[in-house]
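Trainee: Quick one: the structure is below, and I'll ask about it shortly.
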Amino acid sequence: MIAKAMSILDIARNSIDVNLLERIACKVRRRIEWSYNPGSRLEQKHLDPAKLIDRFERYQKITGVEINFEDKRVLELGGGPLLGWAYLAKARGAAHYVFNDMALNESLIHTDKAKRYFAEHVKLINQYYKKTLSSDLIVDNFLELSNEKAEELKIKNASVDLVISNSFLEHPNDPLGVFEELKRVLAPGGVQYHFVDFSNHLGTFDPFEKLYAVPKENVHDVEPTLNGLRVSEWLALAEKAGFNQSKFVPYLVESESLSSIVNADESWKKLGNNDLASRCGWIVIS
Ligand SMILES: C[S@@+](CC[C@H](N)C(=O)[O-])C[C@H]1O[C@@H](n2cnc3c(N)ncnc32)[C@H](O)[C@@H]1O
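For any residue, its number in my numbering is found by taking its place in the sequence shown, counting from 1, and adding 65.
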């Protein structure tokens, strides 16, 4: 019986195009992921109270980028389920904070799990920045929650001085729409700092494995939530949206001799190796 099943499996394996199967599986996965609301539960990765502080300080120290929060009206985009850098911004002197994520589920913020996380997070913030914040930002006028898509924010024109995001910009389906919306909500002199992760998001040793192997327009087949834009494309989009100063400040650049880069599909190669090797860093726009 088992032998019979094994031989049927062997026949199937030999007669089916594995690549085709993989592409179908990716398409199914993409459909499921887009219909599944990531705001419906808290995962362990969201509940580390030190992670966001450590990440922010590390980004600043390694890149030399200093974000000034003092008296700023801040907008954080795609901040995840648990208020992202809101407490950190408050500790660093921000005046107001709009916390956005299209999957934001406010009821999660009031769960016991989240409350324990906030209490511990604020304790660390207070230790690190020598402050005495309470964890009650939610009832404070400081915080405003926004669960719209970043392309369609409800906030007023010119009402924000500083936009920040971490690992968000690589996800929106309509990247130009996001920048056009930011052009609308940013006050004159406003600045944006987006920390972007250009990897394949698959956790592979070579961070671009599979990604550069497929034509650029098929990037969704590799990782359903990525838009696949590289540094030069972001800077060009920022210009198109009307921002006249933008730059990339790298945090980590991989070797151009990575096999994924050397063997990249032509559609990626035309961006240039320098661009393909950028693994993560700040897109800074003013
Ligand atoms: C990789 S997570 C990053 C979360 C958090 N910033 C962090 O560093 O842990 C990307 C987040 O962006 C949100 N997102 C993706 N596209 C979005 C859009 N168009 N508008 C608003 N949020 C979006 C997702 O819901 C998700 O929570």
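Note that the Cβ used here is the ideal one computed from N, Cα and C, for glycine as well.
Quick check on residue 278: does DSSP put it in helix, strand or coil?
Mentor: coil
Trainee: Quick check: the segment 141-150 against the segment 163-174, are at least 3 beta-carbon pairs closer than 8 Å?
Mentor: yes
Trainee: Compute every distance between the C-beta of residue 233 and the non-hydrogen atoms of ligand 1, then say whether any falls below 7 Å.
Mentor: yes
Trainee: Output the distance between the C-alpha atoms of residue 211 and residue 334, rounded to the nearest integer angstrom.
Mentor: 38 Å
Trainee: With a floor of 3 residues, list each beta strand (DSSP E) that falls wholly inside the segment 133-173, ordered by position along the chain.
Mentor: 138-142 and 161-165
Trainee: Using a Cβ-Cβ cut-off of 8 Å (strictly less than) and excluding sequence neighbours within five positions of residue 262, which residues of its own chain qualify?
Mentor: Contacts found: 232, 235, 344 and 345.
Trainee: Would you list the residues sitting across from residue 192 in a DSSP beta bridge?
Mentor: Partner(s): none; residue 192 has no beta bridge.
Trainee: Looking at residue 356 and ligand 1, is the gap between the Cβ and the nearest heavy atom below 7 Å?
Mentor: Limits of the chain in this structure are 66 at one end and 351 at the other, which puts residue 356 out of reach.
Trainee: Hey, is residue 214 close to ligand 1, as in C-beta under 7 Å from one of its heavy atoms?
Mentor: Yes, the Cβ of residue 214 comes within 7 Å of a heavy atom of ligand 1.
Trainee: Report yes if the C-beta distance between residue 256 and residue 218 is below 8 Å; otherwise report no.
Mentor: no
Trainee: How many Å lie between residue 321 and residue 206 at the Cα?
Mentor: 48 Å
Trainee: Strictly by DSSP, which residues pair up with residue 346?
Mentor: 261 and 315
Trainee: Return yes when the Cβ of residue 252 is within less than 8 Å of the Cβ of residue 237, no when it is not.
Mentor: no
Trainee: If you measure from the CB of residue 166, is any heavy atom of ligand 1 nearer than 7 Å?
Mentor: yes
Trainee: Select from 114, 155, 175 and 323 the residue whose C-alpha is nearest the C-alpha of residue 106.
Mentor: 175
Trainee: Quick check: residue 151 and residue 164, are their CB atoms within less than 8 Å of each other?
Mentor: yes
Trainee: Using only the heavy atoms of ligand 1, determine whether one of them is closer than 7 Å to the beta carbon of residue 161.
Mentor: It does not: the Cβ of residue 161 is nowhere closer than 7 Å to a heavy atom of ligand 1.
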